[in-house]
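Just so you know, the protein sequences line up as chains E and S, in that order.
Under the working numbering, think of the first position of the first sequence as 145, with each following residue one higher.
Under the working numbering, think of the first position of the second sequence as 87, with each following residue one higher.
Built from N, CA and C at the ideal position, the CB exists for glycine as well.
All of these numbers come straight from a predicted model, not from anything done at the bench.
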Amino acid sequence: MTTPMRTVRIIALTAVSVLIALALVARLGVWDAMFPSPPPSYGAVMVKPFTLVDQRGQKVTEHDMLGRPAVVFFGFTYCPEVCPTTLADITSWIGELGPEANRLGFYFVTVDPGRDTPEELNKYLSSFDPRIRGLTGTAADIDAVAKAFGIYYKRIEIEGGGYTMDHTSSILLLDASGRFAGTITYQEAKDVAVAKLKRLAEQGAPAA
Amino acid sequence: MKFGFGLVLTLVALIGASGVLFARDYSAPGVKVANPWTRATPAGATTAVAYLKITNTGSTPLRLVGGSTPVAQRVEIHSMSMEGGVMRMRPVPGLDIAPGATVELKAGGLHLMLIGLNRQLTQQEQVPLTLIFAGGRQLAIELHVEGMGGGMGSHGEP
Ligand SMILES: [Cu+2]
Chain E
145 MTTPMRTVRI IALTAVSVLI ALALVARLGV WDAMFPSPPP SYGAVMVKPF TLVDQRGQKV
205 TEHDMLGRPA VVFFGFTYCP EVCPTTLADI TSWIGELGPE ANRLGFYFVT VDPGRDTPEE
265 LNKYLSSFDP RIRGLTGTAA DIDAVAKAFG IYYKRIEIEG GGYTMDHTSS ILLLDASGRF
325 AGTITYQEAK DVAVAKLKRL AEQGAPAA
Chain S
87 MKFGFGLVLT LVALIGASGV LFARDYSAPG VKVANPWTRA TPAGATTAVA YLKITNTGST
147 PLRLVGGSTP VAQRVEIHSM SMEGGVMRMR PVPGLDIAPG ATVELKAGGL HLMLIGLNRQ
207 LTQQEQVPLT LIFAGGRQLA IELHVEGMGG GMGSHGEP
């Protein structure tokens with residue numbers, strides 16, 4: 145039934161459709177270099193049901209995160225550069241935002257729940273703005289949250305003892321309904337980061 | 087051989103540690119270290135990083151293999167990469183510095199990792215650290231402690 149000519153045409157058509165589909169994905173998706181795979185797209189719902197615990201031992205679920213835009217950073221306290229620098233940056237941005245900061249929720253989710261107990265997080269986060277909520281939980285719960293947020297992390301054993309964690313270093317911005325609203329990359333200029341947070345805070349404001 | 091085997095070279099501070107505003111340079115025969123610094127650490131932090139620039143001013147190869155400091159259990163040399171937005175850190179056994187060459191350990195890249203901190207590092211203090219080179223050669227330096235958010239942008243050439 146199928147002639148060689150028809151087969152060639154079908155293959156060509158399929159190839160073209162695949163290319164068009166890829167082009168569409170590339171346009172719609174945020175090919176943010178920050179996400180190895182798959183990159184989240186604007187509007188994608190990131191906040192899925194979860195149960196974690198904060199640095200004061202309080203239970204935190206998706207309901208606590210929803211309702212106002214959120215600024216979420218994944219890291220671990222053993223991290224010597226990226227994590228303390230990012231938390232210090234967030235603290236300075238909160239200062240810059242002033243009262244507007246209260247329209248946003250700030251979260252530091254550990255990718256190393258084995259070491260980062262609520263007590264450890266509490267001590268560590270006492271050096272930063274108290275509005276940053278540290279979240280930890282079981283390895284399985286953390287894994288589920290990281291997956292939902294498109295965060296990559298991996299435990300790496302170090303020769304001679306100990307381990308470190310590879311992890312996505314950018315900050316996720318979510319709107320009040322838990323949808324992806326952008327990122328702030330590591331060491332982003334302060335004015336750019338603050339502008340992004342201001343915009344996020346405005347998006348989350350109730351319609352006038 | 088200017089830079090003696092097993093010789094401990096300690097550079098005495100030119101000015102007192104108090105009131106020092108800028109990191110200093112340290113040199114000994116065959117080696118120069120410029121602008122060693124670290125950041126203030128959060129409460130309870132168990133690690134810290136140190137950055138510096140090492141120049142081999144001698145005529146023989148120089149290999150940094152580690153260090154020691156009274157503020158941490160151990161000091162390792164690490165590389166850091168940010169490929170694909172993922173922070174990855176790996177131990178490096180040693181850093182070879184050819185005669186005349188300079189290796190820079192800087193924010194976002196190679197660093198000395200202070201593991202098992204026994205106290206918090208506070209801004210503006212000086213933290214002693216001894217660099218250990220292959221062959222047992224050592225150089226005592228002091229890390230200038232910058233603010234917690236001190237990053238790549240805020241550290242130009244001294
Ligand atoms: Cu390191």
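Runs of 3 residues minimum, wholly inside the region 206-279 of chain E: which ones carry the beta strand (DSSP E) assignment?
214-219 and 249-254
Apart from the five residues on each side of it in sequence, which residues of its chain come closer than 8 Å, Cβ to Cβ, to residue 188 of chain E?
Taking the first sequence and counting its residues from 1, the one referred to as residue 188 of chain E is at position 44. Taken in chain order, the residues that qualify are 323 and 324.
How long is the line joining the alpha carbons of residue 186 of chain S and residue 308 of chain E, rounded to whole angstroms?
Stepping through the second sequence from its first residue, residue 186 of chain S is reached at position 100. Stepping through the first sequence from its first residue, residue 308 of chain E is reached at position 164. Answer to the nearest angstrom: the Cα atoms are 34 Å apart.
Taking 8 Å as the cut-off, does the CB of residue 254 of chain E come closer than this to any heavy atom belonging to ligand 1?
Residue mapping note: residue 254 of chain E aligns to position 110 of the first sequence, counting from 1. Checking every heavy atom of ligand 1 against the Cβ of residue 254 of chain E, none is found closer than 8 Å.
My understanding is that residue 175 of chain S touches residue 313 of chain E, with C-beta atoms under 8 Å, so please give their C-beta distance in whole angstroms.
Residue numbering aside, residue 175 of chain S sits at position 89 when the second sequence is read from its first letter. Residue numbering aside, residue 313 of chain E sits at position 169 when the first sequence is read from its first letter. Not confirmed; about 11 Å, so no contact.
Is it the case that the CB of residue 164 of chain S approaches a heavy atom of ligand 1 more closely than 8 Å?
What you label residue 164 of chain S is simply residue 78 of the second sequence in a count that begins at 1. Yes, ligand 1 has a heavy atom inside 8 Å of this Cβ.
Among E:267, E:311 and E:301, which residue has its Cα nearest to the Cα of residue 131 of chain S?
Your numbering for residue 131 of chain S matches position 45 in the second sequence. Looking from the CA of residue 131 of chain S, the closest CA among E:267, E:311 and E:301 belongs to E:267.
My understanding is that residue 89 of chain E touches residue 279 of chain E, with C-beta atoms under 8 Å, so please give their C-beta distance in whole angstroms.
Any property of residue 89 of chain E remains undetermined from this structure, which presents chain E solely from 145 to 352.
How many angstroms separate the CA atom of residue 232 of chain S from the CA atom of residue 259 of chain E?
Numbered from 1 along the second sequence, position 146 holds the residue referred to as residue 232 of chain S. Numbered from 1 along the first sequence, position 115 holds the residue referred to as residue 259 of chain E. Cα to Cα, residue 232 of chain S sits roughly 26 Å from residue 259 of chain E.
Is the distance from the Cβ of residue 353 of chain E to the Cβ of residue 277 of chain E below 9 Å?
For residue 353 of chain E there is no data in the structure shown, the boundaries of chain E being 145 and 352.
Please list the residues of the region 309-327 of chain E that have a C-beta atom closer than 9 Å to any C-beta atom in chain S, keeping them in chain order.
309, 310, 311, 312, 313, 314 and 327
Using a threshold of 9 Å, state whether the C-beta atoms of residue 117 of chain S and residue 136 of chain S are closer than that.
Here residue 117 of chain S refers to the residue found at position 31 of the second sequence. Here residue 136 of chain S refers to the residue found at position 50 of the second sequence. In this structure, residue 136 of chain S does not lie closer than 9 Å to residue 117 of chain S by Cβ.
Given this structure, state the Cα-to-Cα distance separating residue 340 of chain E from residue 196 of chain S, to the nearest angstrom.
As a first step, residue 340 of chain E is located in the first sequence; it is residue number 196 there, counting from the start. As a first step, residue 196 of chain S is located in the second sequence; it is residue number 110 there, counting from the start. Here the alpha carbons of residue 196 of chain S and residue 340 of chain E stand approximately 30 Å from one another.
CB residue 113 of chain E to CB residue 234 of chain S, shorter than 9 Å?
Limits of chain E in this structure are 145 at one end and 352 at the other, which puts residue 113 of chain E out of reach.
If we cut at 9 Å on Cβ distances, does residue 135 of chain S have a partner in chain E?
If you number the second sequence from 1, residue 135 of chain S lands on position 49. Answer yes: the Cβ-Cβ gap between residue 135 of chain S and chain E drops below 9 Å somewhere.
Among S:159, S:204, S:188 and S:128, which one has its Cα closest to the Cα of residue 121 of chain S?
The residue given as residue 121 of chain S occupies position 35 in the second sequence. Per the Cα distances, S:188.
Ordered along the chain, which non-local residues of its own chain (more than five positions away) have a Cβ less than 8 Å from that of residue 284 of chain E?
Within the first sequence, the letter at position 140 stands for residue 284 of chain E. If we look at residue 284 of chain E and ignore the five residues flanking it on each side, it has no Cβ neighbours.
Please compile the residues from chain E whose C-beta is within a distance smaller than 9 Å of the C-beta of residue 197 of chain S.
In the second sequence, counting from the first residue as 1, residue 197 of chain S sits at position 111. Residues of chain E passing the Cβ test: 224 and 225.
Reducing DSSP to helix, strand and coil, say where residue 121 of chain E ends up.
Outside the displayed range of chain E (145 to 352) lies residue 121 of chain E, so it cannot be described from this structure.
Contact criterion: CB-CB distance below 9 Å. Does residue 75 of chain S meet it with respect to chain E?
Residue 75 of chain S lies beyond the range of chain S shown here (87 to 244); nothing can be said about it.
Could you pull the start and end residues of the beta strand (DSSP E) that residue 212 of chain S belongs to?
Start at 1 with the first residue of the second sequence, and residue 212 of chain S comes out as number 126. Segment 212-219, the beta strand (DSSP E) holding residue 212 of chain S.
I want to verify the contact list: residues of chain S whose CB lies under 7 Å from the CB of residue 236 of chain E, in sequence order.
What you label residue 236 of chain E is simply residue 92 of the first sequence in a count that begins at 1. The answer, in chain order, is 235.
Any beta carbon from chain C within less than 9 Å of residue 280 of chain E's own beta carbon?
Protein chains in the displayed structure are E and S, and chain C is not among them.
Go ahead and pull the three-state DSSP assignment for residue 193 of chain S.
Within the second sequence, residue 193 of chain S is the residue found at index 107, counting from 1. Coil at residue 193 of chain S, not helix or strand.
Output, in chain order, the set of chain S residues within a Cβ distance shorter than 8 Å of residue 185 of chain E.
Reading the first sequence from its first residue, position 41 is the one you call residue 185 of chain E. Within 8 Å Cβ-Cβ: nothing; residue 185 of chain E doesn't reach chain S, min ~16 Å.
Going by Cα to Cα distance, which pick from E:254, E:326 and E:195 is closest to residue 299 of chain E?
Counted from its first residue, the first sequence places residue 299 of chain E at position 155. For the residues E:254, E:326 and E:195, the minimum Cα distance to residue 299 of chain E belongs to E:254.
Under 8 Å from any heavy atom of ligand 1, does the C-beta of residue 197 of chain S make it?
Along the second sequence, read from residue 1 onward, the residue named residue 197 of chain S stands at position 111. Within the cutoff, so yes.
Taking Cβ positions only, does residue 269 of chain E come closer than 9 Å to chain S?
The residue you call residue 269 of chain E lines up with position 125 of the first sequence. Yes - at least one Cβ of chain S is within 9 Å of the one on residue 269 of chain E.
With 16 as the cutoff for other CB atoms within 10 Å, does residue 224 of chain E come out buried or exposed?
Working through the first sequence from its first residue, we reach residue 224 of chain E at position 80. Buried, by the Cβ-count rule.
Can you determine whether any heavy atom of ligand 1 sits closer than 8 Å to the C-beta of residue 175 of chain S, and answer yes or no?
Counted from its first residue, the second sequence places residue 175 of chain S at position 89. Result yes, Cβ under 8 Å from ligand 1.
State the beta-bridge partners of residue 324 of chain E as determined by DSSP.
Locating residue 324 of chain E in the first sequence gives position 180, where the first residue counts as 1. Partner(s): E:318.
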